[in-house]
């Protein structure tokens, strides 16, 4: 069982991202009151566009977006900056970005920079969806 233990089939899937990057895969699963964006692969300066687009679009449909980061294999400062920007934009719009099942590479960047304190982090997607602020 993975941290994303929801059995819903993705409504939108982008195996190579809209920019044809084979190092990043983004799945978007919208629901009535939330959207789950699952990011798989490298989250770095060369792969940011598909992740950024998916996260930003998710806020068009819902006020709660869960970023499932369980399968992010690499994250650098540009990946961190993307998450911080999306979080700031969400807060400005009265929405919420929740991080779920963060992988070791993401956890390391968050901890080294102290940014982990800025995010709403949950051990699983299910826990992030169940969270009531």
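Residue numbers (this note's numbering): -17 to 115. Note that the Cβ used here is the ideal one computed from N, Cα and C, for glycine as well. Quick caveat: nothing in here was measured; it's all calculated off a predicted structure.
Problem - Where residue 45 falls: helix, strand or coil (DSSP) - result: By 1-based counting over the chain shown, the position of residue 45 is 63. Looking at residue 45 - three-state DSSP - the assignment turns out to be coil, as it is neither helix nor strand.
Handout entry: For residue 108, the nearest candidate out of 58, 47, 68, 56 (CA to CA)
Key = Within the chain shown, numbered from 1, the residue matching residue 108 stands at position 126. That would be 47, whose Cα lies nearest to the Cα of residue 108.
Handout entry: Buried or exposed by the 16-neighbour rule on C-beta atoms within 10 Å, applied to residue 69
Key = Start at 1 with the first residue of the chain shown, and residue 69 comes out as number 87. Residue 69 comes out buried.
Handout entry: Backbone CA spacing between residue 103 and residue 27 [nearest angstrom]
Key = As a first step, residue 103 must be located in the chain shown, where it is residue number 121. As a first step, residue 27 must be located in the chain shown, where it is residue number 45. Approximately 23 angstroms between the Cα atoms of the pair.
Practice task
List the residues that DSSP assigns as beta-bridge partners of residue 82.
Solution key: Position 100 of the chain shown, counted from the first residue, corresponds to residue 82. Partner(s): 50, 104.
Handout entry: Close beta carbons around residue 72, own chain, < 8 angstroms, minus the five adjacent residues each side
Key = As a working mapping, residue 72 is identified with position 90 in the chain shown. So the qualifying residues of the chain are 41, 47, 78, 79.
Handout entry: Inter-residue Cα distance where the pair is residue 94 and residue 86
Key = Residue 94 sits at position 112 when you count from the first residue of the chain shown. Residue 86 sits at position 104 when you count from the first residue of the chain shown. The straight-line gap from Cα to Cα measures roughly 12 angstroms.
Practice task
Can you give me the Cβ contacts of residue 34 inside the same chain, cut-off strictly under 6 angstroms, excluding the 5 residues immediately before and after it?
Solution key: The count along the chain shown starts at 1 and reaches residue 34 at position 52. Correct list, in chain order: 64.
Handout entry: residue 61 burial status per 10 Å Cβ neighbour count (16 or more: buried)
Key = What you label residue 61 is simply residue 79 of the chain shown in a count that begins at 1. Looking at its Cβ environment, which holds 16 or more other Cβ atoms inside 10 Å, residue 61 is buried.
Practice task
Give a yes or no on whether the C-beta atoms belonging to residue 57 and residue 18 are separated by under 7 angstroms.
Solution key: Numbered from 1 along the chain shown, position 75 holds the residue referred to as residue 57. Numbered from 1 along the chain shown, position 36 holds the residue referred to as residue 18. No, the pair does not count as a contact, with Cβ atoms beyond the cut-off.
Handout entry: Rounded C-alpha distance that separates residue 89 from residue 13
Key = The residue given as residue 89 occupies position 107 in the chain shown. The residue given as residue 13 occupies position 31 in the chain shown. Looking at the two C-alpha atoms, the distance is approximately 27 angstroms.
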